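Structure, rendered in structure tokens:
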């Protein structure tokens, strides 16, 4: 393509001087024709002599052939000029098409990049929302577990009222033991037992009292455990009842709220 352009340019440069020379020759011929026309009015046409001595008048055929060659050269130059102009226009059109294609590709690339970024951002937001929801549920479950353990510990620990009741029972048992011990001592002294027999009787009495206290302590623990179980079941029953009530209320709202 560049070689052809160079050849066209060189041909144009070579053709232009020739056209100029032909134009100048044509102007001179026109002037000479005009002068010869004016001289014919008062003088005869000049004649030329050939090699044999014959006189020959200047023929208008030579002037016509020169003008025809000049016209052909001008047409060739104009044709080359138009061809060069068409090539330049075609190259400019191709350049504009390539530029438009490049801009379209760049626009599509930017659109795809923006679309990919928006999809990534949406996925990231969904993942963050899911993680926050899972963390909230986990914290809620841990809090419920801690509250449950604390409540169980409180239920297992005796309350002040229970401690006061146990203390009063213990004081009453101690008074009963002291009174029984006094009565046993009086009975022993009245029967005339020896001190050895009295000590044996006292030890037997202590064993009976210890066994009695152990049984009472076991009964107290059993009653306390039963009370804790009852309270726990009561609490669970209340929670179940509240949950059922909430479910019924939501069902009521769903049934009547959508109408």
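Residue numbers (our numbering): 1 to 259.
Backbone N, C-alpha and C fix where the C-beta goes; we use that ideal spot for every residue, glycine too.
Every value quoted in this text rests on a predicted model; they were computed, and no experiment measured them.
With a cutoff of 8 Å on beta-carbon distance, residue 220 and residue 166 are scored as near each other. Between residue 177 and residue 153 the beta-carbon gap is near 34 Å, outside 8 Å, which marks them as no contact. Looking at the backbone, the Cα of residue 101 and that of residue 115 are separated by about 21 Å.
Residue 71 counts as exposed, since fewer than 16 other C-beta atoms from the protein chains shown sit within 10 angstroms of its C-beta.
The beta carbons of residue 213 and residue 173 sit about 7 Å from each other, so the pair counts as a contact at 8 Å. Going by C-alpha positions, residue 91 is about 10 Å away from residue 97. CA-to-CA, the gap between residue 142 and residue 222 works out to about 31 Å.
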